[in-house]
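Trainee: 395 is the number that my numbering gives the last residue of the sequence shown; the numbers go up by one with no jumps. After the structure tokens below, expect a handful of questions from me.
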Amino acid sequence: MKKHFKIILLLIILCVCTDIKTLTGQGIINIEVGENIKEVNLSDIIESIEIIPLETSDEVLLGEIYALSYDEEKYFVQNANNLLIYVFDKKGKFERQLTRKGNGPGEIQFPESYTLDKINKEVWLSNNNTFLRYDYQGTYLGKRDYSLAFKSFCIDKNKNIYFYTGKNDNHHIQDGFLTGDLTLLTPDNKKRTWFKSKLVGYYKTGESIRSYPSSHPFSIQKDNSITFSYTFNDTIYSIKDNSLIEPKYCIHLGEKKISSNALNDMPGKDLKAYFQENTNTKWNINNVFENQQYLYFTYLKGFKSSYVVLYNKETKEISNMSLKDDLLGSEWLAIADCTASSFIGYIPAYQIKINEKILSFISQEQLAQLKESTADDNPILFKLTFKKRIQ
5 MKKHFKIILL LIILCVCTDI KTLTGQGIIN IEVGENIKEV NLSDIIESIE IIPLETSDEV
65 LLGEIYALSY DEEKYFVQNA NNLLIYVFDK KGKFERQLTR KGNGPGEIQF PESYTLDKIN
125 KEVWLSNNNT FLRYDYQGTY LGKRDYSLAF KSFCIDKNKN IYFYTGKNDN HHIQDGFLTG
185 DLTLLTPDNK KRTWFKSKLV GYYKTGESIR SYPSSHPFSI QKDNSITFSY TFNDTIYSIK
245 DNSLIEPKYC IHLGEKKISS NALNDMPGKD LKAYFQENTN TKWNINNVFE NQQYLYFTYL
305 KGFKSSYVVL YNKETKEISN MSLKDDLLGS EWLAIADCTA SSFIGYIPAY QIKINEKILS
365 FISQEQLAQL KESTADDNPI LFKLTFKKRI Q
């Protein structure tokens with residue numbers, strides 16, 4: 005017991021982070037973001053970029069992209085208009101709509117959130133209190149029931165479902181099980197939860213909640229571990245086999261920040277008022293993506309300014325950036341998924357403002373194709389690789 009206590013104490017001393025609630029921990033990586041923010045052009049930090057215009061036809065007219073995933077050289081696009089999933093090949097050619105709305109076998113009435121089970125090559129799409137399962141070709145495989153309100157979810161190799169439940173503590177279910185930010189549902193329907201704040205039990209049924217959810221809480225790694233993060237916390241975790249959760253990265257945003265404990269326990273209405281007054285305070289580590297080369301995340305200053313951090317896992321270099329897209333002209337680099345070496349995102353066709361610099365990365369033929377896009381076309385996808393060293 006004494007030895008275990010010393011390990012916990014040492015970890016807390018080495019990394020003054022909050023919410024380290026499952027400590028098995030070895031080798032937490034401290035990332036000192038600091039105060040020095042560089043203004044950086046996208047063209048200066050990427051090794052390559054591939055542009056993928058999504059096919060536009062009467063059969064597939066998308067609105068905004070609600071969510072995007074990539075696997076097996078296929079892009080799975082969730083259309084914001086109807087929340088259905090559309091599958092495109094690696095060149096952006098439309099292959100199929102995964103399912104349709106309706107009451108028939110395999111059809112869906114109320115689609116909302118989806119994820120890819122990349123191990124078993126399945127798509128899971130939520131429908132009220134049921135997940136409908138499909139293979140990548142659209143064949144209906146069956147359903148899985150659940151009873152939780154959540155923001156996002158992912159599936160591990162053992163068919164455990166991890167829900168990002170956020171500040172919705174699920175008191176409305178009235179089963180006595182109040183959830184923290186992360187909740188597990190096992191294949192035999194046992195539940196477990198982590199990271200409860202003082203707000204658990206604070207809200208009442210029917211009361212509106214001002215929420216600031218994580219945009220991308222789960223990032224599955226090559227070894228099948230899951231990188232997990234949640235809003236208002238400065239620790240990024242790794243979910244291992246047997247539901248073992250280890251602190252992996254500790255993010256230090258510098259002096260002008262608010263305690264993560266204070267953020268986590270602050271009602272949304274109070275939080276909004278705080279940041280309207282304290283416009284230079286750094287907070288909200290979000291949009292966390294991890295591949296073999298980089299850890300990528302964003303953070304805010306107040307409500308107005310957003311910044312990108314890249315941590316090179318090999319060289320340990322930290323790039324703290326105000327990032328400008330000087331190639332496609334996007335207002336915000338909308339990263340949505342990553343592969344072992346690349347990051348994948350999208351831009352609405354009406355936002356495209358092509359800079360001739362892009363010819364350093366794509367051919368004249370590809371540029372001509374890109375220039376043919378109209379504002380009414382389907383969104384443009386991109387797949388980029390960052391340089392191994394960013395100066």
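Beta carbons are placed, not taken as given, at the ideal position from N, Cα and C, and that holds for glycine.
Between C158 and the rest of its own chain, which residues show a CB-CB distance below 7 Å, the 5 nearest in sequence each way excluded?
Mentor: Within the same chain, C158 has close Cβ partners T119, Y166, F222, I224, I230.
Trainee: Within 10 angstroms of its Cβ, does D173 collect 16 or more other Cβ (buried), or is it exposed?
Mentor: Burial call: buried.
Trainee: Compute the Euclidean distance between the alpha carbons of V312 and N290, then round it to the nearest angstrom.
Mentor: Looking at the two C-alpha atoms, the distance is approximately 10 Å.
Trainee: Buried or exposed for H220, going by 16 or more other Cβ atoms inside 10 Å?
Mentor: So H220 counts as buried.
Trainee: Are three or more beta carbon pairs between the stretch 130 to 139 and the stretch 102 to 113 nearer than 8 Å?
Mentor: Cβ pair count under 8 Å is three or more, so yes.
Trainee: With three or more beta-carbon pairs closer than 8 Å as the criterion, would you say the stretch 376 to 386 touches the stretch 64 to 73?
Mentor: Result yes; three or more Cβ-Cβ pairs closer than 8 Å.
Trainee: In the DSSP assignment, what residue or residues form a beta bridge with V1?
Mentor: Because the chain here runs from 5 to 395, residue 1 falls outside it and cannot be looked at.
Trainee: So, G180 versus V204, is the Cβ gap smaller than 8 Å?
Mentor: No, Cβ-Cβ distance for G180 and V204 is not below 8 Å.
Trainee: In whole angstroms, give me the CA-to-CA distance for K328 and S367.
Mentor: For K328 and S367, the distance between alpha carbons rounds to 22 Å.
Trainee: Sort T190, Y298, G272 by Cα distance to S201 and report the nearest one.
Mentor: The shortest Cα separation from S201 among T190, Y298, G272 belongs to G272.
Trainee: Enumerate in chain order the residues of its own chain whose CB-to-CB distance from P191 is below 6 Å, with the five nearest sequence positions on each side excluded.
Mentor: The residues are K163.
Trainee: Could you name the residues of the same chain whose beta carbon sits closer than 8 Å to that of L182, not counting the 5 residues immediately before and after it, in chain order?
Mentor: Contacts found: D173, N174, H175, T197, K200, V204, G205.
Trainee: Could you check which residue in N40, I339, S309, E116 has the C-alpha nearest to that of T283?
Mentor: Residue S309 is the option with its Cα nearest to T283.
Trainee: Using a 10 Å radius around the Cβ and a threshold of 16 neighbouring Cβ atoms, would you call I1 buried or exposed?
Mentor: Since the first residue shown for the chain is 5 and the last is 395, residue 1 is missing from the structure and cannot be characterised.
Trainee: Report, in whole angstroms, the separation of the C-beta atoms of P251 and I32, which I expect to be a contact under 8 Å.
Mentor: About 5 Å separates the two Cβ atoms, so the contact holds.
Trainee: How many angstroms separate the CA atom of Y4 from the CA atom of I339?
Mentor: Since the first and last residues shown for the chain are 5 and 395, residue 4 lies out of range.
Trainee: Do the CB positions of I50 and T389 come within less than 8 Å of each other?
Mentor: Cβ atoms of I50 and T389: closer than 8 Å.
Trainee: Do you know offhand how far N265's Cα is from T103's?
Mentor: Those two C-alpha atoms are separated by around 43 Å.
Trainee: Using the Cβ count rule (16 or more neighbours within 10 Å means buried), how would you classify G29?
Mentor: Low per-residue confidence applies at G29: pLDDT is 49, beneath 50, and the placement is therefore not dependable, though the value from the model is reported in the following sentence. That one is buried.
Trainee: Taking all protein chains shown into account, do 16 or more other C-beta atoms lie within 10 angstroms of the C-beta of N246, making it buried, or fewer, making it exposed?
Mentor: N246 comes out exposed.
Trainee: Is it buried or exposed, T302, if we count other Cβ atoms within 10 angstroms and call 16 or more buried?
Mentor: The residue in question, T302, is buried, as its Cβ has 16 or more Cβ neighbours within 10 Å.
Trainee: Hey, would you say K317 sits closer than 8 Å to K286, going by beta carbons?
Mentor: No, these two residues do not count as a Cβ contact at 8 Å.
Trainee: Might you give, ordered along the chain, the residues of its own chain that have their beta carbon closer than 7 Å to the beta carbon of S334, omitting 5 neighbours on each side?
Mentor: So the qualifying residues of the chain are I351, Q355.
Trainee: So what's D121 in DSSP terms, helix, strand or just coil?
Mentor: In this structure, D121 counts as strand in the three-state DSSP scheme.
Trainee: Nearest-angstrom Cα distance between L248 and G170?
Mentor: Taking the straight line from one Cα to the other gives about 19 Å.
Trainee: Quick one: Cα of G306 to Cα of Y138, how far?
Mentor: Roughly 41 Å separates the two Cα atoms.
Trainee: At 4 residues or longer, what runs of the alpha helix (DSSP H) sit wholly inside the stretch 258 to 295?
Mentor: Complete alpha helix (DSSP H) runs here, min 4: 264 to 268, 272 to 281.
Trainee: Ordered along the chain, which non-local residues of its own chain (more than five positions away) have a Cβ less than 8 Å from that of T319?
Mentor: Excluding positions up to five away in sequence, the list reads K392, R393.
Trainee: Return the CA-CA distance between E54 and L152, expressed in angstroms with no decimal places.
Mentor: Each residue's Cα considered, the two are about 38 Å apart.
Trainee: Whole alpha helix (DSSP H) runs in the stretch 343 to 377 with 4 or more residues, listed along the chain?
Mentor: For the stretch 343 to 377, whole alpha helix (DSSP H) runs of length 4 or above, ordered along the chain, are 368 to 375.
Trainee: Going by beta carbon distance, what residues of the same chain come within less than 6 Å of K387, once the five residues before and after it are set aside?
Mentor: Excluding positions up to five away in sequence, the list reads E54, S346, I348.
Trainee: Please report the residue range of the beta strand (DSSP E) in which E146 lies.
Mentor: According to the sequence as given, residue 146 is Gly; it is not Glu. 144 to 149 is the span of the beta strand (DSSP E), which, as asked, contains G146.
Trainee: Cβ atoms of A84 and Y70: under 8 Å apart, would you say?
Mentor: Taking 8 Å as the Cβ cut-off, Y70 and A84 qualify as a contacting pair.
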